[in-house]
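Shown next, in structure tokens, is the structure this report addresses.
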Ligand SMILES: NC(=O)c1ccc[n+]([C@@H]2O[C@H](COP(=O)([O-])OP(=O)(O)OC[C@H]3O[C@@H](n4cnc5c(N)ncnc54)[C@H](O)[C@@H]3O)[C@@H](O)[C@H]2O)c1
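Residue numbers (this note's numbering): 8 to 389.
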């Protein structure tokens with residue numbers, strides 16, 4: 008194996024920064040088999056791409072993603088662009104034999120996600136979809152506690168992701184800053200953008216979701232489109248609530264909205280089992296709340312675990328400072344890159360792969376279908 012992992016990053020926005028930071032930090036904290044080398048950054052605006060390359064240490068920049076794929080010296084293509092561009096880049100990258108890290112949601116819809124899965128599996132390239140919250144240590148710890156059977160039979164999984172940034176009717180749709188409000192660029196609203204995270208984490212924790220019943224709302228029906236300057240219908244869901252059945256028999260409750268005044272990124276989940284419950288909140292991401300009914304009665308209560316211990320007790324934390332010192336959002340992306348590089352080094356897949364992200368896409372699509380039809384919708388198993 009070469010000593011370098013040559014990175015071609017597409018997109019220099021929010022996620023382009025989060026991923027670039029991860030490549031720069033990873034070898035300082037993790038013993039990964041290769042050294043990431045930031046070869047090229049690609050984005051739409053030449054001056055911005057150039058400035059980003061300088062600031063983040065990329066060797067070169069470009070404005071056409073095809074140039075990244077064509078380069079023989081690129082090992083991994085990292086896709087950090089709006090959702091409508093994921094498929095085209097990923098399929099071309101797979102055909103060129105590149106490894107791919109792709110931002111979530113995998114695609115605009117299930118049909119597109121399937122073509123991406125086919126392409127990467129045919130090419131046999133390594134993939135990873137950036138459902139980054141799995142690698143927040145407290146969220147990873149929750150998975151370990153569930154897998155150890157400590158909760159017993161699981162009854163409930165409830166999760167919300169609340170924001171408030173689109174309440175004003177003056178916020179436009181489309182264009183660089185507000186592509187998330189344009190259904191053609193985003194595929195859907197909060198369902199693909201926010202609930203996809205909750206669904207991915209939930210299925211990782213609690214197994215497949217088999218059927219869903221949903222309600223969506225678009226509170227502001229028309230907005231100016233940045234590209235046309237005209238008032239156009241809004242095609243995304245501003246808010247979505249759904250309940251569901253997991254394959255293990257437990258019940259799920261999910262809610263997401265961009266109309267929860269006062270909330271910027273309130274992502275929480277709570278899991279209730281026969282013996283114990285778990286609760287997590289992104290605003291306090293290094294803590295995991297735990298309640299165990301088996302505790303001695305007079306001491307029984309919710310405890311707040313500060314997930315910073317060493318000695319293998321708390322996932323990832325041995326790599327960071329000393330027990331008691333917290334890490335944050337950016338480090339989840341460092342863990343993601345570390346896990347990807349370690350898996351690739353061993354010739355193993357790194358979860359969630361494109362195929363696993365397709366499962367999340369199927370739930371998102373079933374949710375949107377259910378909201379439209381007003382009925383229960385089965386999530387296809389294949
Ligand atoms: N994992 C997470 O928690 C998380 C958080 C935010 C965004 N995302 C996902 O990351 C992706 C990007 O979101 P963002 O917030 O970084 O967006 P952004 O608007 O901040 O940045 C988008 C970037 O894509 C570039 N771009 C757009 N079209 C392009 C094209 N055709 N060719 C080359 N470059 C192009 C733009 O120049 C810009 O640099 C989306 O899929 C989004 O859903 C994931």
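Note that the Cβ used here is the ideal one computed from N, Cα and C, for glycine as well. Just so we're clear, the structure is a prediction, and the values are computed from it rather than from any experiment.
Considering only their Cβ atoms, is the gap separating residue 374 from residue 168 smaller than 8 Å? Within the chain shown, the letter at position 161 stands for residue 168. Within the chain shown, the letter at position 367 stands for residue 374. No, these two residues do not count as a Cβ contact at 8 Å.
Which ranges does the beta strand (DSSP E) cover as unbroken runs of at least 3 residues, wholly within the segment 292 to 343, from first to last along the chain? The beta strand (DSSP E) runs of length 3 or more contained entirely in the segment 292 to 343 are, from start to end of the chain, 294 to 299, 310 to 313.
Hey, which unbroken runs of the beta strand (DSSP E) at 3 residues or more fall wholly within the segment 214 to 249? Counting only runs of 3 or more, we get 216 to 224, 229 to 231, 238 to 240.
Quick one: measure Cβ to Cβ for residue 35 and residue 337, integer angstroms, because I've assumed they're closer than 8 Å. Looking up residue 35 in the chain shown gives position 28. Looking up residue 337 in the chain shown gives position 330. In fact, because the Cβ distance is near 13 Å, the residues do not count as touching under 8 Å.
Return yes when at least one heavy atom of ligand 1 lies under 7 Å from the C-beta of residue 89, else no. Start at 1 with the first residue of the chain shown, and residue 89 comes out as number 82. Within the cutoff, so yes.
Can you list, in chain order, the stretches of the beta strand (DSSP E) that have 3 or more residues and sit fully within the segment 63 to 121? Complete beta strand (DSSP E) runs here, min 3: 67 to 69, 83 to 86, 106 to 109.
Per DSSP, which residues does residue 4 bridge with? Please list them. Residue 4 cannot be examined here, being either before or after the span of the chain that is shown, 8 to 389.
Please report the Cβ distance between residue 107 and residue 212, rounded to the nearest whole angstrom; I am assuming they are in contact, meaning their Cβ atoms lie under 8 Å. For the purposes of this step, residue 107 is identified with residue 100 of the chain shown, where counting begins at 1. For the purposes of this step, residue 212 is identified with residue 205 of the chain shown, where counting begins at 1. That pair is no contact at about 25 Å.
Just to confirm, does residue 19 get its C-beta within under 7 Å of one of the non-hydrogen atoms of ligand 3? This structure does not include ligand 3; its bound ligands are ligand 1.
Specify whether the segment 228 to 242 and the segment 308 to 322 touch according to this definition: at least 3 beta carbon pairs, one from each stretch, less than 8 Å apart. Not touching, per the Cβ criterion.
Would you report the Cα separation of residue 90 and residue 186, rounded to the nearest angstrom? As a working note, residue 90 is residue 83 in the chain shown. As a working note, residue 186 is residue 179 in the chain shown. Put simply, the backbone Cα of residue 90 is about 9 Å away from that of residue 186.
Applying the 10 Å Cβ sphere with the 16-neighbour rule, what's the burial state of residue 322? For the purposes of this step, residue 322 is taken as the residue at position 315 of the chain shown. By the neighbour-count definition (other C-beta atoms within 10 Å, threshold 16), residue 322 is a buried residue.
Considering only the beta carbon of each residue, do residue 370 and residue 143 sit closer than 8 Å? Within the chain shown, numbered from 1, the residue matching residue 370 stands at position 363. Within the chain shown, numbered from 1, the residue matching residue 143 stands at position 136. No, Cβ-Cβ distance for residue 370 and residue 143 is not below 8 Å.
Taking 7 Å as the cut-off, does the CB of residue 63 come closer than this to any heavy atom belonging to ligand 1? Counting from 1 along the chain shown, the entry for residue 63 is found at position 56. Result no, Cβ not under 7 Å from ligand 1.
Report whether the distance from the Cβ of residue 4 to the nearest heavy atom of ligand 1 is below 7 Å. This structure cannot speak to residue 4, because the chain is shown only from 8 to 389.
When burial is assigned at 16 or more other CB atoms within 10 Å of the CB, is residue 52 buried or exposed? As a first step, residue 52 is located in the chain shown; it is residue number 45 there, counting from the start. Around the Cβ of residue 52, a 10 Å sphere holds fewer than 16 other Cβ atoms; the residue is exposed.
Outcome for residue 13 when other beta-carbon atoms lying within 10 angstroms are tallied against a minimum of 16: Working through the chain shown from its first residue, we reach residue 13 at position 6. Counting C-beta atoms within 10 angstroms of its own C-beta, residue 13 has 16 or more neighbours from the protein chains shown and is therefore classed as buried.
Cα-Cα, which of 290, 381, 48, 56 is closest to residue 273? Locating residue 273 in the chain shown gives position 266, counting from the first residue. The residue among 290, 381, 48, 56 with its C-alpha nearest the C-alpha of residue 273 is 290.
Can residue 366 and residue 210 be called in contact, C-beta distance under 8 Å? Within the chain shown, residue 366 is the residue found at index 359, counting from 1. Within the chain shown, residue 210 is the residue found at index 203, counting from 1. For residue 366 and residue 210, yes; Cβs fall inside 8 Å.
Below 7 Å, is the gap between the Cβ of residue 186 and the nearest heavy atom of ligand 1? For the purposes of this step, residue 186 is taken as the residue at position 179 of the chain shown. Residue 186: yes, Cβ under 7 Å from ligand 1.
In the DSSP assignment, find the beta strand (DSSP E) that holds residue 45 and state where it starts and stops. If you number the chain shown from 1, residue 45 lands on position 38. Element bounds for residue 45: 42 to 49.
Residues of its chain near residue 57, where Cβ-Cβ distance is below 7 Å and the 5 sequence neighbours each way are ignored: Counting from one through the chain shown, the residue named residue 57 turns up at place 50. Counting only Cβ-Cβ distances below 7 Å, and skipping sequence neighbours, we find 68.
Near ligand 1: residue 110 beta-carbon under 7 Å from a heavy atom: To locate residue 110, count along the chain shown from 1; it is residue 103. Yes, ligand 1 has a heavy atom inside 7 Å of this Cβ.
Using the rule of at least 16 other Cβ atoms within 10 Å of the residue's Cβ for burial, across every protein chain shown, is residue 18 buried or exposed? Within the chain shown, residue 18 is the residue found at index 11, counting from 1. Classification of residue 18: buried, given that the 10 Å Cβ count is 16 or more.
Taking DSSP as the reference, what is the three-state secondary structure of residue 134? By 1-based counting over the chain shown, the position of residue 134 is 127. Here residue 134 sits in strand by DSSP.
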